Amino acid sequence: MNQLSLFERLGFSTIRIEGTLEGGVTSTGTGFFMKFCDDGKHFVPAIVTNNHVIKDAKYSRLFFTLSKTNAIYPAYGHNYEADIYKFEKAWRSHPDPEIDLCAMPISDFIHNIEKKLGTRPFIHFLDLSLLPTDADIEDMAGLEKVTMIGYPNGLWDPHYNQPIFRSGILATHYKFDWNGKPEFVIDAACFPGSSGSPVMNIDIGQVYSKKGFAFGTSRVKLLGVLHAGPVISADGSIVIEPTPTSNKISICTPIQINLGYVIKASKLIDFNPVFESELNDQK
């Protein structure tokens, strides 16, 4: 079997999160798999999403694709749905309460699935080496293409358990903190269900920077995590609110203006101290 391409692997870097709220309302959000405290031999596997995705969820369902027996390739169409009760308590919030991020360690969860089914979930982990360095940021031209992976409006391929890839561009220069916050803005359609989506810069075979075009080179960077966006209310005023997780009917429907606010990926580093104890338990 041919080796999986980058984009095929990235299709297994996210996970669909369905939450059941008070009154039976179902919310949908996006999480992605991340390595923390990676010392080259051990790491803490975790799912990252926004705090508002898991807030008030009585229980939730996570959707995994299983591995083939060699654990190298996905068993397409063979999925596992995991129900988690007391879902909100399983997550660790970002140390800064102003940052809309949380993470859940899943090492025990993976082992339990393997013990029960005899195979592991097929997961492509992102890691902190994908974060842009200061030199990378300084070299950005300011209008880089971005790819967002997730479940807009809850859409997905349930048979193959695949997310939706969407594209856009930076709407603000990445080197600046938007309105003094560790965020930037993208020009992309950010619909309900996209909360928690990883936002990446993926250039294959051609990279554009301040130096111009570099052909025959590639660039793959994790830029941030979508969490909010501006919408226009009925009276015409612009309101900033978290990207919705449900499509429940409301009297006043906000109008999306296809901009998204993205937390910079550098804030993911702050989870390392949070998970140090889990890493020590593995050794």
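Going by the working numbering, the letters in the sequence shown line up with residues 1248 to 1530, in that order. Even for Gly, the Cβ is constructed at its ideal location relative to N, Cα and C. Note that the structure is predicted; figures quoted are calculated from it, not measured.
- Within the same chain, no residue comes within 8 Å of residue 1363 by CB-CB distance, once the 5 residues on both sides are set aside.
- The DSSP-derived three-state label of residue 1367 is coil.
- In the three-state DSSP reduction, residue 1429 falls in the coil class, being neither helix nor strand.
- Annotation: the continuous alpha helix (DSSP H) that includes residue 1299 extends over 1298-1301.
- Here residue 1269 carries a helix assignment [DSSP, helix/strand/coil].
- Between the alpha carbons of residue 1329 and residue 1512 lies a distance of about 28 Å.
- Looking at the backbone, the Cα of residue 1373 and that of residue 1280 are separated by about 6 Å.
- For residue 1384, the enclosing alpha helix (DSSP H) has its first and last residue at 1381-1386.
- The alpha-carbon separation between residue 1428 and residue 1286 amounts to approximately 30 Å.
- Residue burial is scored here from C-beta neighbours: residue 1270 has fewer than 16 other C-beta atoms within 10 angstroms and is therefore classed as exposed.
- Contact annotation: the stretch 1339-1350 does not touch the stretch 1256-1275, with fewer than three C-beta pairs closer than 8 Å.
- Between residue 1408 and residue 1277 the beta-carbon gap is near 13 Å, outside 8 Å, which marks them as no contact.
- Cβ neighbours of residue 1303 within its own chain (closer than 6 Å, five residues either side excluded): 1268.
- Around the beta carbon of residue 1380, fewer than 16 other beta carbons sit within 10 angstroms, so the residue counts as exposed.
- Residue 1295 holds the alpha-carbon nearest to the alpha-carbon of residue 1335 among 1527, 1458, 1295.
- Per DSSP, residue 1437 has no beta-bridge partner at all.
- In chain order, 1312, 1313 place their CB closer than 8 Å to the CB of residue 1325, counting only its own chain and leaving out the 5 sequence neighbours on each side.
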